[in-house]
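In my numbering, the protein residues as written are -2 to 91.
Beta carbons: idealized from backbone N, C-alpha and C, even for Gly.
Structure representation (structure tokens):
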């Protein structure tokens, strides 16, 4: 949270975090993907699970990337700190 010099007003700064993962499942009908995060690249302890289901409903870009994803693709995605399972952008690693 960001506090300015007005005591009754609080502004929230939303910062995007970037993660890398390998796709283990694609569920287009639910707009979700299942991924295995790279443990040394992850910033969250609760990502220690083997696989994580990510919500892709609110991706800022078009769904072209989501439609072309396949199992074992390496991806890079961004999310807000307070919503780690709701991703904002996604791109395939080259």
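(message) Please state the DSSP three-state secondary structure of residue 26.
(response) Sequence index remark: in the chain shown, residue 26 carries index 29 (1-based). Looking at residue 26 - three-state DSSP - the assignment turns out to be helix.
(message) Assuming contact is defined by CB atoms lying nearer than 9 Å, are residue 52 and residue 87 in contact in what I supplied?
(response) For the purposes of this step, residue 52 is taken as the residue at position 55 of the chain shown. For the purposes of this step, residue 87 is taken as the residue at position 90 of the chain shown. No; because the gap between Cβ atoms is not below 9 Å, this pair is not in contact.
(request) Could you check which residue in 12, 29, 14, 13 has the C-alpha nearest to that of residue 20? (result) Counting from one through the chain shown, the residue named residue 20 turns up at place 23. It is 29 whose Cα lies nearest to the Cα of residue 20.
(request) Quick one: measure Cβ to Cβ for residue 32 and residue 49, integer angstroms, because I've assumed they're closer than 8 Å. (result) Looking up residue 32 in the chain shown gives position 35. Looking up residue 49 in the chain shown gives position 52. Right, the Cβ-Cβ distance comes to about 6 Å (below 8 Å), so this counts as a contact.
(request) With DSSP as the reference, label residue 63 as helix, strand or coil. (result) Taking the chain shown and counting its residues from 1, one reaches residue 63 at position 66. It is helical.
(message) Please report the distance separating the alpha-carbon of residue 78 from that of residue 16.
(response) To locate residue 78, count along the chain shown from 1; it is residue 81. To locate residue 16, count along the chain shown from 1; it is residue 19. If you take the alpha carbons of residue 78 and residue 16, they lie about 11 Å apart.
(request) Out of 12, 13, 22, 14, state which residue places its alpha-carbon closest to the alpha-carbon of residue 70. (result) Reading the chain shown from its first residue, position 73 is the one you call residue 70. Answer by Cα proximity: 22.
(request) Please list, in chain order, all residues of the same chain as residue 63 whose beta carbon is under 6 Å from its beta carbon, the five residues on each side excluded. (result) Translated into positions along the chain shown, residue 63 becomes position 66. So the list reads 53, once near-sequence residues are dropped.
(request) With DSSP collapsed to three states, give me the class of residue 16. (result) One-based indexing of the chain shown puts residue 16 at position 19. Reduced to three states, the DSSP call for residue 16 is strand.
(request) Identify, in the order they occur along the chain, each residue of the same chain with its Cβ nearer than 7 Å to the Cβ of residue 34, setting aside the five sequence neighbours on each side. (result) Position 37 of the chain shown, counted from the first residue, corresponds to residue 34. Hits under 7 Å: 16, 18, 44, 49.
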